[in-house]
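Novice: Numbering (the UniProt record's numbering), first residue to last: 1 to 199. For glycine and all other residues, C-beta sits at the position ideal for the given N, C-alpha and C.
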Amino acid sequence: MPAPTSTRERLVTEAMRLFSDKGFEATSVSQIEAAAGLAAGSGALYRHFKSKDALLDAGIDRQLDRRHAMRDIRALFAGLGDLRTELTVLGRYLLNVIDDEIELLQIAARTASGRSTRLDTAYSALIDGLNTELAEWISTWKPQLPQQDRATLAALGVNGILGSRFTTGLIHRAETPIPDDRYLAEWTTVIATRLENLE
Numbered sequence: 001m002p003a004p005t006s007t008r009e010r011l012v013t014e015a016m017r018l019f020s021d022k023g024f025e026a027t028s029v030s031q032i033e034a035a036a037g038l039a040a041g042s043g044a045l046y047r048h049f050k051s052k053d054a055l056l057d058a059g060i061d062r063q064l065d066r067r068h069a070m071r072d073i074r075a076l077f078a079g080l081g082d083l084r085t086e087l088t089v090l091g092r093y094l095l096n097v098i099d100d101e102i103e104l105l106q107i108a109a110r111t112a113s114g115r116s117t118r119l120d121t122a123y124s125a126l127i128d129g130l131n132t133e134l135a136e137w138i139s140t141w142k143p144q145l146p147q148q149d150r151a152t153l154a155a156l157g158v159n160g161i162l163g164s165r166f167t168t169g170l171i172h173r174a175e176t177p178i179p180d181d182r183y184l185a186e187w188t189t190v191i192a193t194r195l196e197n198l199e
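(1) In angstroms with no decimal places, state the Cα-to-Cα distance between residue 188 and residue 119.
(2) In three-state terms, what does DSSP make of residue 19?
(3) What is the residue span of the alpha helix (DSSP H) that residue 139 lies within?
(4) Here's the rule: buried if 16 or more other CB atoms are within 10 angstroms of the residue's CB, otherwise exposed. What is residue 47?
(5) Less than 8 angstroms between the C-beta atoms of residue 103 and residue 165, yes or no?
(6) Which of the three DSSP states is assigned to residue 145 in this structure?
(7) Start and end of the alpha helix (DSSP H) containing residue 42?
(8) Straight-line CA distance for residue 39 to residue 106?
(9) Rounded to whole angstroms, how far is the Cβ of residue 20 from the Cβ of residue 33, which I believe are closer than 8 angstroms?
Printed below as a string of structure tokens:
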């Protein structure tokens, strides 16, 4: 039997879900309390957090902690030695990271830039981190490639993965999405072909 979730953790979980679904500004403290199984409007949230902003900060901290706990992606590729195989594994890793962080991405998309410095920083850290990881992987295959070219190719790769999830997870498009395996196969072909054609 799983350990019971603390009230504080329930508040963070439900707040992040509501912020993701409705936006930070459109979510009330009463709605968060009710979703966490507390009496709506009771002020119970304030026993755990000074404000709704502090609750958002706690949710961001949780997301960042989870991201820091993820393993170094280079360990995923040890011994594979095949460009397309490694790129496919990397693409799947990127999809998993985006899926794990979809609430944070939805909150960032629904919150005005500058509204929360912590949110802006967390979003930037996520995207910049993924770009850096992909650029470092590219440098193992094409060490002669100038850093600016690696960064550009990495940004194209990350944005391609991010865009595939935004159209389904953020915009809630009714159209059936392209299956991950098909999308990753094409993503891998495009990036691998570019890398293979670089001198």
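Specialist: By the coordinates alone:
(1) 31 angstroms
(2) helix
(3) 117–141
(4) exposed
(5) no
(6) Correct three-state label for residue 145: coil.
(7) Element bounds for residue 42: n/a, residue is neither H nor E.
(8) 27 angstroms
(9) About 17 angstroms separates the two Cβ atoms, so there is no contact after all.
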